[in-house]
Structures are given as C-alpha cells and as structure tokens.
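For reference, the structure discussed in these notes is given below.
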Amino acid sequence: MNIVIAVDGPAAAGKGTLAKRLADKYGLAQLDTGLLYRAVGYKVISQGGDPENIEVGEAAARSLDPAELANSSLRTDEAAQAASKVSAIPGVRAALLDFQRNFAANPPALADGSAAKGAILDGRDIGTTVCPDAAAKLFITASTEIRAERRFKELQSRGLGAIYARVLEDMVERDARDSGRSASPLKAADDACILDTSELDADQAFEQSVEFITSKNNF
Ligand code: DC
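Position one of the sequence shown corresponds to residue 112 (the working numbering), numbered consecutively onward.
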C-alpha cells in the first residue's frame, strides 16, 4: 500500500521539520513542494525577468529540471518572494502538478536504498488540490509574529543578515498573496487536522501529528 501524507500551512510554521520527522518515522519519501516554486521563481529573477509575468513564469515552470532543486540560493527570502509571485500563475501550478502527483504515486527509494512505503508532501495546497485523497492531512500554522521570529533566527543562524521588521513585513506580504490568490490558495482541507504550533515545540508538534495519523484507519 502506498501511504500519502499531506502537510500544508503558511511559511515558517514548521512544516518542513515536521514532514522530515514523519517521513523518517513512517518510511516515506519527502517532497518539499515549496522548493519547486522557489526554483521557478529563482530562475525567472536570475534571468532578470518579472515573476508576475505569466509567459515568463510558465516557460520557467515547463523547463524546470529537478537538478535545479539543489541550488542553495533557493533558501533565500528573495527566492521565497519570487516563488510566492510565480505560484499565483495558474499555468505555473498546472506545470508542476504532474511532478508532484507522480512523486506521491511513485515515491523514489529512500536514502538507504530501501523502497519507500509512501510519500509525504509539504506545501500550501497538497491536501486540497495535489493529493485530495491523502490518508492523513495536517495543516500546520502559528501566529505571524512567531513565524517571522523563527525565520529571522533561521536566517541569522545561516549567517544571512536580517532585520526582524523586514522579515515580518515580508511574511505578512507573502501570507496575503498565498492566501488571496484564486489559483489553489493556501487553505486547510476540510478533513485536515489543524495544528497551531505557536505554543508548541518541535517534539510536541511531532507527537500531536503522530496521534492524529494513528487515529486514521489506514495506519
Ligand atoms: O514553503 P515555501 O516557503 O518554500 O514556499 C515558497 C512559496 O511557494 C510560497 O510562498 C507559495 C508557494 N507554494 C505554493 O504556492 N504551493 C505549494 N504547494 C508550495 C509553495
């Protein structure tokens, strides 16, 4: 049986860390779908293009090579903003949909070479659009200030200079764009478990997620 877990939520809510731990626990291949949009956005801006331009965004998405996902520049806030802009273009989303669904249906082998028992995808619309039949859906959120603080500390720890007020401003702007777009906006699926991590540490978020996943018959 191929198990699929969907993890959605706004930026810096803790989705990535949680998805990795769940992937390890259940033997699932992990896909950070934000990285796909970051790669498209980054490609556009690094070629001097406008990430809100429909034709340019669609061409970048259609020509995306999975090898581009390894670029460390995709982790910058500049790439995140560009990602948020290209992700509002329906043609960009359509171009990335097959890749994501194929990953979920045919997950690659795990790092140790063993076969994956399924896949865990994290993003904004996994439970609503990409994998609406996922066995378990989690929606991870936290207050804007807490998420901005987490992102600020992360940027600092990576030696990237950051100003908290600017990180917060970027977060508010990106949240508004991701939630307000008409194409597959950031939204919790009706059957998702909503976890607010504002007051939870990574261990508590993991434990509560496992509790929810265990409560699903498929596990
Ligand atoms: O998760 P992230 O911060 O790496 O995502 C970067 C941007 O990509 C985010 O602001 C919106 C977009 N995105 C999306 O529209 N759908 C997804 N499934 C994942 C990310």
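For each residue, glycine too, the CB sits at the ideal point set by N, CA and C.
Got a sec: does ligand 1 put a non-hydrogen atom nearer than 7 angstroms to the Cβ of residue i?
{"i": "Arg285", "result": "yes"}
{"i": "Ala194", "result": "yes"}
{"i": "Ser268", "result": "no"}
{"i": "Gly234", "result": "yes"}
{"i": "Arg261", "result": "no"}
{"i": "Ser320", "result": "no"}
{"i": "Ser184", "result": "no"}
{"i": "Arg132", "result": "no"}
{"i": "Leu249", "result": "no"}
{"i": "Ser198", "result": "yes"}
{"i": "Gly145", "result": "yes"}
{"i": "Ala181", "result": "no"}
{"i": "Ile237", "result": "yes"}
{"i": "Asp244", "result": "no"}
{"i": "Ser188", "result": "Sequence inspection shows Asp at residue 188; the Ser mentioned does not correspond to that position. Checking the Cβ of Asp188 against ligand 1 gives no."}
Rounded to whole angstroms, what's the CA-CA distance from residue i to residue j? Just pull it up for me.
{"i": "Ala259", "j": "Tyr275", "result": "7 angstroms"}
{"i": "Lys136", "j": "Asn328", "result": "17 angstroms"}
{"i": "Ala124", "j": "Gly238", "result": "16 angstroms"}
{"i": "Glu179", "j": "Ser309", "result": "33 angstroms"}
{"i": "Asp223", "j": "Gln319", "result": "27 angstroms"}
{"i": "Leu142", "j": "Phe214", "result": "8 angstroms"}
{"i": "Met331", "j": "Asp307", "result": "Nothing about residue 331 can be read from this structure; the chain reaches only from 112 to 330."}
{"i": "Leu208", "j": "Ala194", "result": "15 angstroms"}
{"i": "Leu279", "j": "Glu189", "result": "14 angstroms"}
{"i": "Pro177", "j": "Arg204", "result": "16 angstroms"}
{"i": "Phe263", "j": "Ile257", "result": "10 angstroms"}
{"i": "Ala171", "j": "Ser183", "result": "18 angstroms"}
{"i": "Gln158", "j": "Glu284", "result": "23 angstroms"}
{"i": "Asp304", "j": "Ala216", "result": "A quick correction: the sequence has Cys, not Asp, at residue 304. The alpha-carbon atoms of Cys304 and Ala216 are separated by roughly 22 angstroms."}
{"i": "Gly270", "j": "Ala299", "result": "33 angstroms"}
{"i": "Arg261", "j": "Ala253", "result": "10 angstroms"}
{"i": "Ser326", "j": "Leu129", "result": "18 angstroms"}
{"i": "Ala313", "j": "Lys126", "result": "10 angstroms"}
{"i": "Gly160", "j": "Ala181", "result": "21 angstroms"}
Of the residues the options, which one's Cα is nearest the Cα of residue i?
{"i": "Asp233", "options": "Ala227, Cys242 and Ser225", "result": "Cys242"}
{"i": "Ile251", "options": "Arg288, Ala134, Leu297 and Glu166", "result": "Leu297"}
{"i": "Ala294", "options": "Glu265, Asp236 and Phe317", "result": "Asp236"}
{"i": "Val321", "options": "Lys131, Asn113, Pro121 and Phe263", "result": "Lys131"}
{"i": "Thr240", "options": "Glu265, Pro201 and Ala150", "result": "Pro201"}
{"i": "Pro219", "options": "Asp302, Leu311, Gly138 and Asp119", "result": "Gly138"}
{"i": "Thr144", "options": "Lys264, Gly120 and Ser268", "result": "Gly120"}
{"i": "Gln267", "options": "Thr128, Thr187 and Gln211", "result": "Thr187"}
{"i": "Asn113", "options": "Leu271, Asp312, Ala313 and Ala230", "result": "Ala230"}
{"i": "Ala226", "options": "Ala134, Ala181, Lys126 and Phe323", "result": "Ala134"}
{"i": "Gln192", "options": "Gly272, Arg277 and Asp312", "result": "Arg277"}
If contacts are defined as beta-carbon pairs under 8 angstroms, then residue i and residue j qualify, I think. What distance do you get, rounded to the angstrom?
{"i": "Val115", "j": "Ala245", "result": "4 angstroms"}
{"i": "Lys228", "j": "Ala117", "result": "Actually they are not in contact, since the Cβ atoms of Lys228 and Ala117 sit about 16 angstroms apart, beyond 8 angstroms."}
{"i": "Asp289", "j": "Thr255", "result": "At roughly 12 angstroms, the Cβ-Cβ gap does not stay under 8 angstroms, so Asp289 and Thr255 are not in contact."}
{"i": "Glu163", "j": "Lys196", "result": "5 angstroms"}
{"i": "Ala140", "j": "Leu221", "result": "6 angstroms"}
{"i": "Tyr148", "j": "Ser198", "result": "4 angstroms"}
{"i": "Leu175", "j": "Leu146", "result": "About 11 angstroms; that fails the 8 angstroms criterion."}
{"i": "Ala206", "j": "Glu265", "result": "Between Glu265 and Ala206 the Cβ distance is about 29 angstroms, and since that is not below 8 angstroms, they are no contact."}
Using a beta-carbon distance below 8 angstroms, is residue i in contact with chain B?
{"i": "Ile200", "result": "No chain B is present in this structure, which holds just one protein chain."}
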